[in-house]
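2 protein chains.
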Amino acid sequence: METTAAYHLLRTHLQARVPLSDADFADFQQYLRPMLLSKRQHLLQAGEPCTHLAFVTQGCLRSYSLNAQGQEHTLQFAPEDWWVSDMYSLLTQQPSNLHIDALEDSQVLLLAQADMETIYVRFPVFERYFRLLMQSRFVALQERVNAALSQTAGEKYQHFLRQYPGIVQRVPQHVIASYLGLTPESLSRVRRQL
Amino acid sequence: METTAAYHLLRTHLQARVPLSDADFADFQQYLRPMLLSKRQHLLQAGEPCTHLAFVTQGCLRSYSLNAQGQEHTLQFAPEDWWVSDMYSLLTQQPSNLHIDALEDSQVLLLAQADMETIYVRFPVFERYFRLLMQSRFVALQERVNAALSQTAGEKYQHFLRQYPGIVQRVPQHVIASYLGLTPESLSRVRRQL
DNA sequence: CGCGACGTTGATTTGCCTCAACGATTGTGG
DNA sequence: CCACAATCGTTGAGGCAAATCAACGTCGCG
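In order, the protein sequence lines correspond to chains A and B. The first sequence begins at 19 in our numbering and counts up one residue at a time. The second sequence begins at 19 in our numbering and counts up one residue at a time.
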């Protein structure tokens, strides 16, 4: 995907949610830096501070934690039209606890945290856009917590299929297991019974 | 607590986070409605649409879901200086899936969702305030998801003690169990081993 | 072709749940 | 002010869902 199409995708995304003139977007565009990622390439490693927000324009990324036993726990999938970053590290400037890498060859547009204050002042509509984004992310995460507390392995998987149709087609099954908090073996057994 | 002190608490809370003149707050104040809640009194019942945000000025509330088997799953504790509501219902105008009630005799300041648009326009700094609020809530929830995926019962409890010191003193143990996704019996056994 | 990544299946273990009983504390109405 | 009920936390016995450990077949890629 050439860069023009990537910018276009973000512009369309934003204009569907907040009022933003083409002129303002053209102006905003200078803060974006396109980047290509190969499958398995990392955008962020745990230990590094997270300095950018990434808007995915092609492919699919994920964020995950890695505990002392080497177990992965996937926190978020980010296909096209999604933002991904480590908000904790981004906001606190502390070293990140998360990894972010590409599940497929991907393209992202990077927005530096260092520019965010300027952007909020220059384009106040971004303040609103990110409020709306964080609100909907909050609702989705709360729903996920509720699912984790109240559902069995099978229910969690079916809930996942309904909530993120399409993801199951493109993501390895053991990664979905790590998102649901199951072992790959358990997920395999759960699927057999459906 | 008389109403003046309640308004003062919210003003201090806001002014610690965003620039807001006393004059603007005095103006903003007209949108607030104080409300007293007795222990166990509900602010919201599942099935009703959620129409207000509540800022707790005294006491402690919680939000929780109730599944078909009658099991409670606590999603949030809201002691003084916290907001509580069902964001999903508030934003979508759909019937709520959550209950909100008071764990102690409490006082809240209510902000109607119907007024929020006006407030964002009249006091743009609220757009920023709620963006910051939602960001930090998002970070906390993601941390909670990570804990739910990767920790054992005992680790979750110790993590809870560290993250919310003070809550354990004021909330019944079986309610904490429902927050952690444990049965009261399991939490009791976990505690014995510490 | 050969190797690594991936998914499946089986045998066994285990962490937490369920069910049941009980004592302590709180609070409520007569 | 007391008697009784409800709430709350604890403990024990037994069960179960998912994890662990191990082996194996397939696919895709270098």
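Built from N, CA and C at the ideal position, the CB exists for glycine as well.
- At least one CB of chain B lies nearer than 7 Å to the CB of residue 159 of chain A.
- If you draw a straight line from the Cα of residue 152 of chain A to the Cα of residue 107 of chain A, it is about 16 Å long.
- Residue pairing by DSSP places residue 134 of chain A opposite no residue, since no beta bridge is assigned to it.
- Minimum Cα-Cα distance from residue 62 of chain B among the listed residues B:116, B:29, B:53 and B:24 corresponds to B:116.
- Within the region 88-127 of chain B, the complete alpha helix (DSSP H) segments of 4 residues or longer fall at 105-110, listed in chain order.
- In this structure, the CA atom of residue 176 of chain B is about 27 Å from the CA atom of residue 88 of chain B.
- With respect to chain B, the C-beta atom of residue 143 of chain A has no partner C-beta closer than 7 Å.
- Near chain B, meaning a CB-to-CB distance below 7 Å, the residues of the region 91-110 of chain A are 91, 93, 105, 106 and 109.
- Taking 7 Å as the threshold, the shortest C-beta distance from residue 163 of chain B to chain A falls below it.
- At a beta-carbon threshold of 7 Å, the residues of chain B lying near residue 148 of chain A are 149, ordered along the chain.
- Using a Cβ-Cβ cut-off of 7 Å, residue 43 of chain A does not count as an interface residue toward chain B, since no Cβ of chain B sits closer than that to its own.
- Going by DSSP, residue 208 of chain B is part of the alpha helix (DSSP H) stretching over 202-210.
- Residue pairing by DSSP places residue 53 of chain A opposite A:126 in a beta bridge.
- Closest in C-alpha terms to residue 27 of chain B, from the list B:74, B:64 and B:36, comes B:74.
- The CB of residue 156 of chain B comes closer than 7 Å to the CB of 105, 152, 155, 156 and 159 in chain A, given here in chain order.
- Counting only residues of its own chain and dropping the five nearest sequence neighbours on each side, residue 205 of chain A has a CB closer than 8 Å to the CB of 171, 175, 191, 192, 194, 195 and 198.
- Not flagged as an interface residue toward chain B: residue 62 of chain A, since no C-beta distance is shorter than 7 Å.
- With at least 16 other beta carbons inside 10 angstroms of its own, residue 124 of chain A counts as buried.
- DSSP places residue 83 of chain A in the uninterrupted beta strand (DSSP E) bounded by 78-84.
- It is roughly 40 Å from the alpha-carbon of residue 50 of chain B to the alpha-carbon of residue 128 of chain A.
- When DSSP states are grouped into helix, strand and coil, residue 141 of chain A belongs to the coil group.
- Residue environment analysis places residue 97 of chain B among the buried positions, since at least 16 neighbouring C-beta atoms fall within 10 angstroms of its C-beta.
- Counting along the chain, no alpha helix (DSSP H) covers residue 62 of chain B; the unbroken beta strand (DSSP E) around it starts and ends at 60-62.
- For residue 30 of chain B, the enclosing alpha helix (DSSP H) begins and ends at 21-33.
- Residues of the region 196-207 of chain B with a Cβ closer than 9 Å to any Cβ of chain A, in chain order: 196, 197, 198 and 199.
- In this structure, the beta-carbon distance from residue 113 of chain B to residue 65 of chain B falls below 7 Å.
- In the three-state reduction of the DSSP assignment, residue 38 of chain B falls in the coil class, being assigned neither a helical nor a strand state.
- Beta-bridge pairing by DSSP links residue 70 of chain B to B:130.
- Going by beta carbons, residue 121 of chain B and residue 189 of chain B fall inside the 7 Å limit.
- Residue 52 of chain B is not a Cβ neighbour of residue 34 of chain B, given a cutoff of 7 Å.
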